[in-house]
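Everything below concerns the one structure shown next.
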DNA sequence: TTAGTGATATCC
DNA sequence: GATATCACTAAA
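Numbering (this note's numbering), first residue to last: 4 to 175.
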C-alpha cells in the first residue's frame, strides 16, 4: 500500500526533502478519472534569498510570493514561454524554499515531465495533496542518490553554480 | 549552435 | 508603454 505524502513531509528543510523526493511517485488524476503516475528520478533544491539561483533571491514579488508560503503547495513556473516547470514548496512559512522536479524515470527533462503529466500553470498555488488532483506517493522505493551541481543557472555566480543541490536516482 | 516563446520584472 | 531576462527543448 502506497503512502501519500502529507504536509509534514514537506514541512522540513528543502535539503532534507529534495533528496527524499527522489524515488517517490508523482500522481495526477485527470478530469476523466485517468491517473497518470511517474517516479521522480531527479530533483533540485532552491533555498533562500541568498541563493542566487532561486527566484526569491531578487526579493518577494507577486510571482515568488508562493515560495514564501506554506509547504506542500505547488509552484508552477512558465519558462521560455513554452515550458512548465514544477516545484513543491518546502520548509517554514516566510522562508523561500522549493524543490524543482527535474525529471521522471520515463520523462527526462523538467518540461517533458509536466507535459506528460498534463500539468500547467492552472495548478500554480494548489496544494500537493488529494483535492486538486495532484499528490505524491511513497511506495517504499529507496534508490541510491547521487548529487551534482545544478544546471541552467550560469548567471548565479561560481559559488551557487557549483553547489551540489541536484539529486539524481542512481539507477542499478 | 540557434530559434522559438511568453510571463515577469525593471526601466522609462 | 518598452525592453531584457529566463530553473528549456528540438532541430540542425
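Virtual Cβ for every residue (Gly too), placed ideally from N, Cα, C.
Setting aside the 5 residues that flank it on each side, residue 127 is surrounded in the same chain by 69, 77, 78, 79 and 80, each with a C-beta closer than 8 Å to its C-beta; the list follows chain order.
When DSSP states are grouped into helix, strand and coil, residue 120 belongs to the coil group. Around the C-beta of residue 102, 16 or more other C-beta atoms lie within 10 Å, and the residue is accordingly described as buried. For residue 165, the secondary structure class from DSSP, reduced to helix, strand or coil, is helix.
Taking residue 156 as the centre and dropping the five residues before and after it, the same chain places the C-beta of 55, 56, 163 and 164 closer than 8 Å to its C-beta, in chain order. Distance from residue 112 to residue 41 at the Cβ level is roughly 12 Å; contact not present, criterion being Cβ atoms closer than 8 Å. Counting every other CB atom within 10 Å of its CB across the protein chains shown gives residue 34 a total below 16, marking it as exposed. Ranked by how close their Cα comes to the Cα of residue 11, the residues 60, 74, 18 and 143 have 74 in first place.
Residue environment for residue 145: exposed (fewer than 16 other C-beta atoms within 10 angstroms of its C-beta).
In this structure, 98 is the residue among 98, 83 and 53 with its C-alpha nearest to the C-alpha of residue 72.
Residue environment: residue 36 is assigned as exposed (fewer than 16 neighbouring CB atoms within 10 Å of its CB, all protein chains considered).
Ranked by how close their Cα comes to the Cα of residue 152, the residues 61, 168, 58 and 49 have 168 in first place. Around the beta carbon of residue 44, 16 or more other beta carbons lie within 10 angstroms, which makes this residue buried. Distance from the CA atom of residue 5 to the CA atom of residue 86, rounded to whole angstroms, is 30 Å. Membership of residue 20 in the alpha helix (DSSP H) is indicated by the continuous run 17–24. Secondary structure at residue 110: coil, using DSSP grouped into helix, strand and coil.
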